[in-house]
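Participant: Got a structure for you, questions after.
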Amino acid sequence: MNRNSLRGSSVFIDGYNVLIGTESLLTDQFFLAQDGFLRDTRGVSGSYRMGDSTLRALDLIIDFLADSGVGRAIFYFDRNVSHSGRLRGLVEELMKSRGIEGCAVLSDCVDRRLRESDGIVATADGAVVDSVERVVDIPQEIMKERKRIKG
């Protein structure tokens, strides 16, 4: 799915997957996999640490959601990863500042919650992608937009 198909929809976001993918885009540490999804080359999912590119990546993600006109955005962050609570607060603050309805949730079972969602899922996690009907690759959509702007 692309940005145009998100207008008015509920989007359920694999928080760390989308954040790490977007950070990888900013640091040029990514590749496009054979399934067409953008993947990071850093392999940091369980050991994620906030860094210089974190706030910029969050801004890009929130801007993408706002510009796409989503009806509601629900971010899921793995509870057992350091700083998840801090990220939850940052995401909710940014969403509020951009007028996006939704929240950020800490969960012990992010993949299951995404599979059980009733909207569009934002992830590049192959196991989740294969088990949901509608999926969007937000980092790749951001990449396309950045390329379009650069010309």
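Count along the sequence shown from 1, then add 45; that gives the number in the working numbering. From the three backbone atoms N, C-alpha and C, an ideal C-beta is built for every residue, glycine too.
1. Output the boundary residues of the alpha helix (DSSP H) element that contains Ala102.
2. Got a sec, what are the start and stop residues for the beta strand (DSSP E) Ala118 sits in?
3. Check whether the Cβ atoms of Ile119 and Gly147 lie closer than 7 Å to each other.
4. For Val150 and Gln79, what's the separation of their Cα atoms in angstroms?
5. Who are the near neighbours of Asn62 in its chain, counting only those whose CB is closer than 7 Å to its CB and skipping five residues on each side?
6. Just checking my contact of Ile209 with Asp85 at CB under 8 Å: how many whole Å lie between their CB atoms?
7. Taking all protein chains shown into account, decide if Arg101 is buried (16 or more other Cβ within 10 angstroms of its Cβ) or exposed.
8. Which value, in whole angstroms, describes the spacing of the CA atoms of Cys154 and Asp123?
9. For Gly147, which three-state DSSP category applies?
10. Tell me whether Ser69 sits in a helix, a strand or coil according to DSSP, three-state version.
11. Do we get a CB-CB distance below 7 Å when we pair Gly60 with the residues of chain C?
Facilitator: Well, looking at it:
1. 99-113
2. 117-123
3. yes
4. 31 Å
5. Thr168, Ala169, Asp170
6. Look at the range of the chain in this structure, 46 to 196, and you will see that residue 209 is not part of it.
7. exposed
8. 7 Å
9. strand
10. helix
11. Of the chains in the structure shown, none is chain C; there is only one protein chain.
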